[in-house]
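The structure appears below as structure tokens.
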Amino acid sequence: MSGWRAVLRRDLRLAARRRIEALLPLGFFVVAAGLFPLGVGPERETLRQIAPGVLWVCALLAAMLSVTTLFASDHQDGSLEQMLLAPHALVELVAGKVLAQWLTSGLPLVVAAPLIGVAFDMHAASIGVLALTLLLGTPILGWLGALGAALTLGLRSGAALVFLIVLPLAVPALIFGAGAVAAVDSGLSPRGHISLLGALLIASTMGVPFAIAAALRISVD
Amino acid sequence: MNWPSLEAFLYMGGHGLYVWGSYVLTIGLLAAEAWFVLRRQRRAQQEGAR
Amino acid sequence: MQDRAHPGRSTLASLPGAEAAGRWTRFASPPRFYALAGAWLPWLWAIALASGAIGLYFGFFVAPTDAQQGESYRIIFIHVPAAWMSMLVYLVLAFWAAWGWILNARMASMYARALAPTGALFTLIALVTGSLWGRPTWGTWWVWDARITSEFILLLLYLGYIALTEAIDEPRRAANAGALLALVGAINIPIIYFSVQWWNTLHQGATISATAAPKMAATMFTALLLMTASFWAYTFAVVFARARAIVLEERR
Numbered sequence: 001m002s003g004w005r006a007v008l009r010r011d012l013r014l015a016a017r018r019r020i021e022a023l024l025p026l027g028f029f030v031v032a033a034g035l036f037p038l039g040v041g042p043e044r045e046t047l048r049q050i051a052p053g054v055l056w057v058c059a060l061l062a063a064m065l066s067v068t069t070l071f072a073s074d075h076q077d078g079s080l081e082q083m084l085l086a087p088h089a090l091v092e093l094v095a096g097k098v099l100a101q102w103l104t105s106g107l108p109l110v111v112a113a114p115l116i117g118v119a120f121d122m123h124a125a126s127i128g129v130l131a132l133t134l135l136l137g138t139p140i141l142g143w144l145g146a147l148g149a150a151l152t153l154g155l156r157s158g159a160a161l162v163f164l165i166v167l168p169l170a171v172p173a174l175i176f177g178a179g180a181v182a183a184v185d186s187g188l189s190p191r192g193h194i195s196l197l198g199a200l201l202i203a204s205t206m207g208v209p210f211a212i213a214a215a216l217r218i219s220v221d
Numbered sequence: 222m223n224w225p226s227l228e229a230f231l232y233m234g235g236h237g238l239y240v241w242g243s244y245v246l247t248i249g250l251l252a253a254e255a256w257f258v259l260r261r262q263r264r265a266q267q268e269g270a271r
Numbered sequence: 272m273q274d275r276a277h278p279g280r281s282t283l284a285s286l287p288g289a290e291a292a293g294r295w296t297r298f299a300s301p302p303r304f305y306a307l308a309g310a311w312l313p314w315l316w317a318i319a320l321a322s323g324a325i326g327l328y329f330g331f332f333v334a335p336t337d338a339q340q341g342e343s344y345r346i347i348f349i350h351v352p353a354a355w356m357s358m359l360v361y362l363v364l365a366f367w368a369a370w371g372w373i374l375n376a377r378m379a380s381m382y383a384r385a386l387a388p389t390g391a392l393f394t395l396i397a398l399v400t401g402s403l404w405g406r407p408t409w410g411t412w413w414v415w416d417a418r419i420t421s422e423f424i425l426l427l428l429y430l431g432y433i434a435l436t437e438a439i440d441e442p443r444r445a446a447n448a449g450a451l452l453a454l455v456g457a458i459n460i461p462i463i464y465f466s467v468q469w470w471n472t473l474h475q476g477a478t479i480s481a482t483a484a485p486k487m488a489a490t491m492f493t494a495l496l497l498m499t500a501s502f503w504a505y506t507f508a509v510v511f512a513r514a515r516a517i518v519l520e521e522r523r
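Protein sequences appear in the order of chains A, B and C. Mapping the first sequence onto my numbering, position 140 (from 1) lands on 140, and the numbers just tick up by one. For my numbering, add 221 to where a residue sits in the second sequence, where the first one is 1. For my numbering, add 271 to where a residue sits in the third sequence, where the first one is 1.
As structure tokens, this is what we get:
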């Protein structure tokens, strides 16, 4: 069986066993997004205006939250070292892990965000674009978060350090993603934003896995 | 010379607080950084001598 | 290349063209760097203070008042050099960190560590002076224009680098992890800058750049160059001093 497929199946199986843990980021997303109406006020017009940014930022934070521990359990039980010694390319195994993590944490966000969008009184077209941008964006966040997790492997500082490292790098995705939704809200075409977001996805998929592999070697060797 | 008097110089056309605030802050921060670095260097030398 | 068993000696010395290489490897050896930097330090401080003094003289006593912004524009003489240095130092840091990681050169990694706090400080100075300049000119303490926002993200990149390298105890891992992060950051800077520009032009609220430079009289430009030279020399001085301290600390 090819390397990434084996890792993917293993991680999915592990996630299925700890279903609550896997769904925690989703819970965080709902709670965090839900705080905004409480903090800002229930006016529908206001909520509709801030919805693209708020939902994208909350999704960004939720995606980051889940990925900080991506390599931690493998590091603790020694399977990470096994992966480094395996005959398969480390990049391939990393890809399998990140893909599994996206399926369990990123994809649920893509599904949940439209429901929260309704609570923010978003138009149907905006909700559609929101889902699309999160579909393109959450993998980008997955790659960046995995890089942060690899660099901070075994450190006590935890999630806050990963956030500080990774969030500046996630700014372009946030700008294009939230911007696309805002564009649709204003009646403009989101095509430019979405193209740029797509380009970011392609670029990060081609480049970041290698950085993650290098980071793992730095952290473990 | 640009300034008719010391008062005019300090007043900076009404923007004295901002201009002098910027300069004092900047020079202060840079001087503090230099001081901390020299202190770090001195400490490292003392540790090395031991 | 560094001979790891004997940190003072360089294996490049045995290759052809060694004499020319020897002049460069001098910088690769921590003890030699220590001595050389120590000799240069007084001169660097002198240049920093002298060009700073002359630059400030030009800036305050020769350069005229700006027609639109009045006297508040004089903040430009520290704001712009600080911003330039903040960007330059990050690129130099990424370069040396990468060099240290890929070629396993210890001195290069020490340069990178020494550069980070100074670069972060210049970024902070650029942001604060930009804010103080923006207030009398545009009425608000903070404007989310493209350049200030990019500068703010640059500060976060510095802080991330410093936080990561400080969090890792083992020096080799800290240096290499930092190098990877700095490289990723450096590659991302054009992307981040472009996206922030994009973001800013779409949200029409902040179309005016809060720190638009006035039309440059020659005297203003001279003062600006002198202050930039001063900041350059200062950076060399502080970074060399810090690197010397790091050389001693890592010897223990």
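Idealized CB from N, CA, C, for every residue including glycine. Quantities reported herein were computed from a predicted structural model and do not represent experimental measurements.
Within chain A, the residues that residue i reaches when beta carbons sit closer than 7 Å
{"i": "C/Gly431", "result": "Leu164, Ile165 and Pro168"}
{"i": "C/Ala387", "result": "Ordered by position in chain A, no residue passes the 7 Å Cβ test against C/Ala387, which lies about 14 Å from the chain."}
Neighbouring residues, chain C, relative to residue i (Cβ below 8 Å)
{"i": "B/Ser243", "result": "Ile346, Ile349, His350, Val399, Thr400, Leu403 and Trp404"}
{"i": "A/Ala215", "result": "Ala448 and Leu451"}
{"i": "A/Phe176", "result": "Ser466 and Trp469"}
{"i": "B/Gly249", "result": "Chain C residues near B/Gly249: none, gap ~10 Å exceeds 8 Å."}
is_contact[residue i, chain C] using C-beta, thresh 8 Å
{"i": "B/Leu227", "result": "no"}
{"i": "A/Gly3", "result": "no"}
{"i": "A/Gly142", "result": "no"}
{"i": "A/Ala113", "result": "no"}
{"i": "B/Leu231", "result": "no"}
{"i": "A/Gly53", "result": "no"}
{"i": "A/Ile218", "result": "yes"}
{"i": "A/Leu136", "result": "no"}
Within-8 Å CB hit, residue i to chain A
{"i": "C/Val333", "result": "no"}
{"i": "C/Leu392", "result": "no"}
{"i": "C/Leu315", "result": "no"}
{"i": "C/Leu374", "result": "no"}
{"i": "C/Thr478", "result": "Note that C/Thr478 scores 44 on pLDDT, short of 50, meaning its location in the model is unreliable; the coordinates nonetheless yield the value given after this. No, its Cβ sits nowhere closer than 8 Å to a Cβ of chain A."}
{"i": "C/Leu364", "result": "no"}
{"i": "C/Arg444", "result": "yes"}
{"i": "C/Val360", "result": "no"}
Collapsed DSSP secondary structure at residue i in the structure displayed
{"i": "A/Gly154", "result": "coil"}
{"i": "C/Gly341", "result": "strand"}
{"i": "A/Pro42", "result": "coil"}
{"i": "B/Asn223", "result": "coil"}
{"i": "C/Thr493", "result": "helix"}
{"i": "C/Leu374", "result": "coil"}
{"i": "C/Thr478", "result": "At C/Thr478, the pLDDT of 44 sits below 50, so the modelled position is not reliable and the matter cannot be decided from this model."}
{"i": "C/Ile439", "result": "coil"}
{"i": "C/Trp311", "result": "helix"}
{"i": "C/Asp416", "result": "coil"}
{"i": "A/Leu8", "result": "helix"}
{"i": "A/Arg18", "result": "coil"}
{"i": "C/Ser357", "result": "helix"}
{"i": "A/Asp274", "result": "Residue 274 of chain A is absent from the model: chain A starts at 1 and stops at 221."}
Beta-carbon neighbours of residue i, restricted to chain C and to distances below 7 Å
{"i": "A/Pro172", "result": "Ile462, Ile463 and Ser466"}
Neighbour list for residue i in chain A, Cβ cutoff strictly below 8 Å
{"i": "C/Ala434", "result": "Ser157, Leu161, Leu164 and Ile165"}
Contacts that residue i makes with chain C (C-beta to C-beta distance below 9 Å)
{"i": "B/Gly234", "result": "Thr336, Gly341, Glu342 and Ser343"}
The ligand PLP heavy atom lying under 7 Å from the CB of residue i
{"i": "C/Phe329", "result": "Only the bare structure without any ligand can be found here, which leaves the ligand PLP out of the picture."}
Test: residue i CB closer than 8 Å to a CB of chain B
{"i": "C/Tyr382", "result": "no"}
{"i": "C/Ala512", "result": "yes"}
{"i": "C/Glu422", "result": "no"}
{"i": "C/Arg522", "result": "yes"}
{"i": "C/Leu425", "result": "no"}
{"i": "C/Arg515", "result": "yes"}
Contacts that residue i makes with chain B (C-beta to C-beta distance below 7 Å)
{"i": "C/Ile439", "result": "By Cβ distance, chain B contributes nothing, its closest Cβ being about 20 Å from C/Ile439, past 7 Å."}
Neighbouring residues, chain A, relative to residue i (Cβ below 9 Å)
{"i": "C/Ile419", "result": "Ordered by position in chain A, no residue passes the 9 Å Cβ test against C/Ile419, which lies about 14 Å from the chain."}
Chain-ordered neighbours of residue i on chain B, where CB pairs are closer than 9 Å
{"i": "C/Ile396", "result": "Ser243, Leu246, Thr247, Leu250 and Leu251"}
Assess contact between the stretch 251 to 265 of chain B and the stretch 502 to 522 of chain C, defined as three or more Cβ pairs (one per stretch) separated by less than 8 Å. Is contact present?
yes
Are three or more beta carbon pairs between the stretch 420 to 432 of chain C and the stretch 398 to 409 of chain C nearer than 8 Å?
yes
Kindly confirm or deny that the stretch 88 to 100 of chain A and the stretch 131 to 149 of chain A touch, where touching means at least three C-beta pairs closer than 8 Å.
yes
Is it the case that the stretch 431 to 438 of chain C contacts the stretch 156 to 167 of chain A, given that we only count it when at least three CB pairs across the two stretches are under 8 Å?
yes
Would you check if the stretch 358 to 368 of chain C and the stretch 308 to 327 of chain C touch, i.e. whether three or more CB-CB distances between them fall below 8 Å?
no
Do the stretch 123 to 135 of chain A and the stretch 76 to 94 of chain A meet, that is, are 3 or more Cβ pairs less than 8 Å apart?
no
Does the stretch 384 to 398 of chain C touch the stretch 225 to 235 of chain B, meaning 3 or more C-beta pairs lie closer than 8 Å?
no
Write down every uninterrupted run of the alpha helix (DSSP H) in the stretch 222 to 265 of chain B whose length is 4 residues or greater and which is fully enclosed by it, in chain order.
227 to 232
Where are the alpha helix (DSSP H) runs, 4 residues long or more, that stay fully inside the stretch 63 to 149 of chain A, in chain order?
72 to 77, 79 to 85, 90 to 101 and 107 to 119
Any contact of the stretch 50 to 69 of chain A with the stretch 19 to 34 of chain A, i.e. 3+ C-beta pairs under 8 Å?
yes
For the pair the stretch 334 to 350 of chain C and the stretch 435 to 454 of chain C, tell me if three or more CB-CB distances fall below 8 Å.
no
Count Cβ pairs between the stretch 303 to 319 of chain C and the stretch 458 to 473 of chain C that sit closer than 8 Å; are there 3 or more?
no
Do the stretch 489 to 502 of chain C and the stretch 238 to 249 of chain B meet, that is, are 3 or more Cβ pairs less than 8 Å apart?
no
Closer than 8 Å is the cut-off here; do at least three beta carbon pairs connect the stretch 364 to 373 of chain C with the stretch 446 to 454 of chain C?
yes
Are there three or more Cβ pairs, one per stretch, closer than 8 Å when the stretch 201 to 221 of chain A is compared with the stretch 146 to 164 of chain A?
yes
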